[in-house]
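If you read the protein sequences in the order shown, they are chains P and U.
For the first sequence, counting from 1, position 50 maps to 50 in the UniProt record's numbering; every step adds exactly one.
For the second sequence, counting from 1, position 347 maps to 347 in the UniProt record's numbering; every step adds exactly one.
Worksheet: the structure to be examined is printed underneath.
Number of protein chains: 2
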Amino acid sequence: MPTTITQIETYDVRFPTSLTLAGSDAMHPDPDYSAAYVILHTDSPGLEGHGLTFTIGRGNELCVAAIHSLAPFVVGQRLEEIVADFGRYWDRLTNDGQLRWVGPEKGVLHLATAAVINALWDLWAKAVGKPVWKLLADLTPEEIVRLVPFRHITDALTPDEALHLLRQQAPTRAERERELFRSGYPCYTTSAGWLGYSDEQVAALARQAIDQGFTAIKMKVGQDLAHDRARAALLRQVIGPDRKLMMDANQRWDVPQAIAWMRELAEFDPWWIEEPTHPDDVLGHKAIAEAIAPIGVATGEHVANRVVFKQLLASGAIRFCQIDACRLGGVNEVIAVLLMAAKFGVPVCPHAGGVGLCEYVQHLSMFDYIAVSGSLEHRMIEHVDHLHEHFVDPVTVRNARYLPPQRPGYSIEMKRESLEQYRWPDGPVWRELRQRAPASEQR
Amino acid sequence: MPTTITQIETYDVRFPTSLTLAGSDAMHPDPDYSAAYVILHTDSPGLEGHGLTFTIGRGNELCVAAIHSLAPFVVGQRLEEIVADFGRYWDRLTNDGQLRWVGPEKGVLHLATAAVINALWDLWAKAVGKPVWKLLADLTPEEIVRLVPFRHITDALTPDEALHLLRQQAPTRAERERELFRSGYPCYTTSAGWLGYSDEQVAALARQAIDQGFTAIKMKVGQDLAHDRARAALLRQVIGPDRKLMMDANQRWDVPQAIAWMRELAEFDPWWIEEPTHPDDVLGHKAIAEAIAPIGVATGEHVANRVVFKQLLASGAIRFCQIDACRLGGVNEVIAVLLMAAKFGVPVCPHAGGVGLCEYVQHLSMFDYIAVSGSLEHRMIEHVDHLHEHFVDPVTVRNARYLPPQRPGYSIEMKRESLEQYRWPDGPVWRELRQRAPASEQR
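Here you go:
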């Protein structure tokens with residue numbers, strides 16, 4: 001029985017994380033972790049596709065509006081026809097002759113594209129009764145290549161090269177799948193290092209992370225050098241010399257400033273500096289990478305599309321590729337980046353701060369390990385330990401490793417109750433917060 | 001008397017240009033030239049600021065929505081306080097801790113930023129009774145530097161370098177201003193070369209352009225090589241060997257394809273190839289530029305911000321810098337790019353296909369000539385001869401030269417009647433079109 005998408009439903013969901021400063025960094029001091037959430041309804045009883053794009057509050061309404069602008073490409077379409085030629089479908093969706101002007105493939109429109117594309121993946125995976133990582137891992141190399149949007153990246157990766165890469169890993173996929181069920185996929189934690197936390201909070205959380213088995217921890221930097229040095233010294237003292245310490249500047253610096261600042265932090269032996277400058281600055285990242293080696297440069301959560309990643313990867317500007325499941329235009333474009341990263345030998349360490357991002361990216365990293373890179377070396381998923389309670393199928397992390405999700409879909413479905421409670425601006429949580437807050441602080 | 005902005009009013013205005021194929025190119029076959037239009041109302045009687053961002057139809061509604069998302073940064077603010085530290089105001093507007101997540105500085109949000117910032121410039125210029133170009137040309141180098149957002153570009157241009165550049169041109173500004181009044185600013189035409197036009201239309205329009213004094217003409221390419229060769233041969237025959245022929249691929253190609261295609265078109269002696277590939281692909285443009293020299297590479301109408309321009313300019317990837325008045329975040333960011341272009345010796349030839357863009361960019365090029373580059377060499381503004389009738393103060397082009405606008409403001413104010421007639425989706429023009437169109441073609 002074919003499945004037709006009959007209707008799109010959206011939610012503007014926001015969590016008041018700014019109240020606790022969870023998520024605070026040098027450029028985003030008071031984020032309210034949010035989701036522009038979409039449900040694809042179908043004519044198959046009980047079958048829905050769920051997807052979201054992550055934002056940090058204001059502006060979420062624009063992503064919801066953009067999902068509606070994309071609705072004509074989805075409503076009335078058959079799932080089977082979409083997935084039969086998914087790469088081409090993706091290309092049509094992102095290259096509408098009028099709509100592409102307000103992108104192309106970036107910002108609000110591309111974030112909305114991700115929500116819609118990911119909802120289609122959730123729908124497809126539920127229709128075939130597999131989690132997304134397993135759906136992908138069971139496709140042939142030829143089938144995977146047909147998912148990929150190659151437009152504007154063939155100078156770095158041709159379909160033939162992609163096929164060759166995938167075929168190399170195909171014979172040993174089953175081994176790595178077993179390994180994932182045995183040991184899970186390694187991760188690091190960001191939960192200890194938010195900029196708005198006190199020293200005491202940070203030290204306690206870092207100790208707790210060690211107790212939980214984490215061997216790598218990330219801290220926020222970039223607002224004040226003296227503060228960063230003190231914080232780095234504290235964390236290095238708590239975690240010892242052998243565990244990894246990563247730093248994240250969240251785009252705060254100009255290029256010369258990034259170089260100077262990281263020279264001052266080098267003595268704390270950071271494994272990488274993340275987002276040292278503007279995410280569009282390929283040549284800037286390259287200049288920083290050359291100046292501060294052996295500290296690695298990492299970026300990705302704000303890298304708009306595969307074209308920017310192509311340049312970062314091919315030019316050696318980054319040593320860690322931090323794909324984001326909904327900054328890129330959903331699974332199809334992510335696969336393009338996984339393939340390029342594999343070709344250029346750059347490990348993929350997904351961005352997963354936020355809400356729903358851990359749920360998403362576990363599928364992508366597990367697919368990468370099984371079918372694309374075939375390696376865990378220098379690879380870790382980010383883990384942030386909050387907001388998972390809102391999901392129907394939340395991530396399971398044991399001993400600092402993600403265990404493979406087993407329920408059909410993309411693990412991104414939120415509980416109906418959470419969608420209603422945190423609906424912006426008039427869900428019960430927000431109504432109550434406004435009643436409590438003085439007028440001067442009203443959101 | 002200080003002026004406070006009291007209210008924001010918006011219009012979603014769309015012109016049914018797809019009916020005539022004016023504006024058609026290889027990636028945008030059926031544009032409806034549109035504007036997300038904003039009016040800043042104030043407490044000063046009769047004083048309003050007008051601004052717009054240009055789109056080509058679908059998606060315009062998102063830019064209108066984004067203007068409303070930016071309203072809290074504008075409404076209740078004093079004009080005098082904004083312009084007293086305009087560079088910092090721009091930085092605050094584009095770096096809101098939550099909103100920047102859905103950019104930063106790109107796509108829907110940045111297009112909306114441009115509409116708002118440009119409306120502030122229109123307001124400022126009207127408040128002081130000068131056209132924008134003259135307001136700018138009368139500022140001191142120190143005052144101009146304070147307008148510029150330097151964040152993330154200081155590796156290419158420091159405030160001191162900017163000051164030095166501006167001071168070099170300051171003593172001779174008056175001369176060049178007189179020259180503009182005498183002769184105007186040179187331009188080329190795109191009106192002959194739309195992809196959807198027939199050979200007869202194109203030849204007739206090209207002859208007409210020559211009669212009007214144009215010495216440079218642009219054609220659209222990229223859909224079909226045989227067609228492009230025939231069209232280029234026709235145009236070269238009509239305009240002769242000495243006039244300039246430019247080509248515009250509107251991002252159609254991958255990098256290897258751009259190089260191969262342009263080698264096939266080289267015999268028609270194109271002066272530049274515009275948008276040969278994806279606008280985010282700095283290194284791709286550089287590779288193309290190196291492969292097809294002496295044909296120049298031009299781009300800009302889709303270059304998201306000063307950070308991408310910085311890379312294109314500093315790396316030698318482009319020989320012509322095509323700023324767009326509302327793809328960049330308004331006048332302030334444009335000045336940053338004009339200064340970098342001057343530093344790296346790249347001529348600025350603004351993009352002005354669209355609606356309102358000719359009206360906007362004449363101010364920018366005239367300011368560039370008077371105060372920044374000080375040169376007309378290899379510089380031309382684009383001119384497209386349509387939709388000017390909707391403006392209160394339309395451009396005046398005589399003998400293929402823009403004459404300096406003299407009314408106060410940014411020349412971007414549209415007639416109230418046009419705003420109402422073409423309002424989407426329920427203005428009289430659109431209501432009538434829907435009544436005439438068969439259901440299958442309804443927009």
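Glycine residues also receive a C-beta, built at the ideal position from the N, C-alpha and C atoms.
State the Cα-Cα distance for the pair residue i and residue j, rounded to the nearest angstrom.
i, j, result
"P/Asp96", "U/Thr55", "13 Å"
"P/Leu166", "P/Trp271", "29 Å"
"U/Asp85", "U/Ala162", "17 Å"
"P/Ile318", "P/Leu283", "10 Å"
"P/Asp280", "U/Val308", "6 Å"
"P/Leu147", "P/Ile117", "12 Å"
"U/Val64", "P/Arg182", "52 Å"
"U/Gly103", "U/His110", "7 Å"
"P/Gly193", "P/Val83", "41 Å"
"P/Thr190", "P/Arg401", "14 Å"
"P/Cys326", "P/Ala114", "5 Å"
"U/Pro31", "P/Phe73", "18 Å"
"U/Glu382", "U/Ser365", "11 Å"
"U/Lys106", "P/Glu105", "10 Å"
"P/Cys358", "P/Met414", "13 Å"
"U/Gln77", "U/Arg173", "33 Å"
"P/Gly49", "P/Val75", "12 Å"
"P/Met219", "P/Pro29", "14 Å"
"P/Tyr369", "P/Leu205", "30 Å"
"U/Glu417", "U/Leu387", "14 Å"
"P/Val372", "P/Gln169", "7 Å"
"U/Leu93", "U/Ser69", "11 Å"
"P/Gln98", "P/Ile217", "44 Å"
"P/Trp101", "U/Gln311", "22 Å"
"U/Met262", "U/Arg379", "22 Å"
"P/Gly356", "P/Phe367", "18 Å"
"P/Gln362", "P/Pro404", "8 Å"
Cβ closer than 9 Å: which chain P residues qualify as neighbours of residue i?
i, result
"U/His28", "Gly97, Gln98, Arg100 and Trp101"
"residue 444 of chain U", "Residue coverage of chain U in this structure runs from 1 to 443, which leaves residue 444 of chain U outside it and unanswerable."
Excluding the five sequence neighbours on either side, which residues of its own chain have a C-beta within less than 7 Å of the C-beta of residue i, listed in chain order?
i, result
"U/Glu264", "Leu225 and Arg229"
"U/Val397", "Cys187 and His383"
"U/Ala127", "Thr3, Leu47 and Leu79"
"P/Ala125", "Pro131, Val132, Leu135, Pro408, Gly409 and Tyr410"
List the residues of chain P that residue i touches, going by C-beta distances under 8 Å, in chain order.
i, result
"U/Cys63", "Val102"
"U/Ile318", "Here the premise fails: no neighbours, minimum Cβ distance about 14 Å."
Once you ignore the five residues that flank residue i on each side, which residues in its own chain have a CB closer than 6 Å to its CB?
i, result
"P/Glu9", "Ile39"
"U/Pro256", "none"
"U/Ile144", "Leu166"
"P/Ala315", "Rather than Ala, the amino acid found at residue 315 of chain P in this sequence is Ser. Closer than 6 Å at Cβ, skipping near neighbours: Lys286."
"U/Ala66", "Val108, Leu109 and Ala112"
"U/Pro428", "Gln421"
Could you pull out every residue in the same chain whose Cβ sits closer than 8 Å to the Cβ of residue i, ignoring the five residues on either side in sequence?
i, result
"U/Trp430", "Arg14, Pro16, Tyr422, Arg423, Trp424 and Arg443"
"P/Glu142", "Leu163"
"U/Pro159", "Val145, Val148 and Phe150"
Determine the chain U residues that contact residue i at a beta-carbon separation under 9 Å, and present them in chain order.
i, result
"residue 447 of chain P", "Nothing about residue 447 of chain P can be read from this structure; chain P reaches only from 1 to 443."
"P/His351", "Under the 9 Å cutoff, chain U gives no residues; its nearest Cβ is about 12 Å from P/His351."
"P/His363", "What P/His363 touches in chain U: nothing, since even the nearest Cβ is about 23 Å away."
"P/Asn305", "His278 and Asp280"
Taking C-beta pairs closer than 7 Å, name the residues in chain P that residue i reaches, listed in chain order.
i, result
"U/Arg146", "Going along chain P, no residue has its Cβ under 7 Å from U/Arg146, so there is no contact; the nearest lies around 18 Å."
"U/Pro256", "Thr154 and Asp155"
Find the residues of chain U that neighbour residue i, judging by a C-beta separation of less than 7 Å, and give them in chain order.
i, result
"P/Arg434", "Near P/Arg434 there are no residues of chain U at all, since even the closest Cβ is about 16 Å away, more than 7 Å."
Closer than 8 Å by beta-carbon distance: list the chain U residues that pair up with residue i, in chain order.
i, result
"P/Ile56", "Gly97, Gln98 and Trp101"
Cβ contact check for the segment 386-398 of chain U and the segment 406-414 of chain U: 3 or more pairs under 8 Å: yes
Give a yes or no on contact between the segment 343-355 of chain U and the segment 122-140 of chain U, applying the rule of three or more CB pairs nearer than 8 Å. no
Can you list, in chain order, the stretches of the alpha helix (DSSP H) that have 4 or more residues and sit fully within the segment 206-263 of chain P? 225-239
Entirely enclosed alpha helix (DSSP H) segments - the segment 105-132 of chain U, minimum 4 residues: Within the segment 105-132 of chain U, the complete alpha helix (DSSP H) runs of at least 4 residues are 107-128.
Evaluate contact between the segment 246-256 of chain P and the segment 24-33 of chain P, counting only Cβ atoms and requiring at least three cross-stretch pairs below 8 Å. yes
Considering only residues of the segment 377-427 of chain P, which uninterrupted alpha helix (DSSP H) runs meet the minimum length of 4 residues and lie entirely inside it, listed in chain order? 416-421
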